[in-house]
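J.:
Next up, the structure:
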């Protein structure tokens, strides 16, 4: 484990002490470690969401110009074609064969 030291303003320290009492943290270090873990987890979740949105955005053109299906069979065919196009796009994007 490595040491990290930094300075905090008094109002921030008061908020930390209030949070320590309210949520039963024994030390400021415990409180700050937990806060950092929570923030890192939040950043990872945001990274995954961004990745998912980028993938969705990249596939936005799959259904353009396809028209509407009049029968269930036409609809299934359109779904299959769109799925094939989607998988081809993902293969290209992620360098898969």
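Residue numbers (my numbering): 40 to 136.
All C-beta atoms, glycine included, are put in the ideal place defined by N, C-alpha and C.
1. DSSP three-state label for residue 41, please.
2. Taking the alpha carbon of residue 125 as the point to measure from, which residue in 52, 88, 43, 96 has its own alpha carbon closest?
3. Would you kindly report the start and end of the unbroken alpha helix (DSSP H) that includes residue 46?
4. Is it true that the CB of residue 129 sits closer than 9 angstroms to the CB of residue 94?
T.: To lay it out plainly:
1. If DSSP states are grouped into helix, strand and coil, residue 41 belongs with coil.
2. Ranking the options by Cα distance to residue 125, first place goes to 96.
3. Bounds of any alpha helix (DSSP H) do not take in residue 46, whose DSSP letter is neither H nor E.
4. At the C-beta level, residue 94 and residue 129 come within 9 angstroms of one another.
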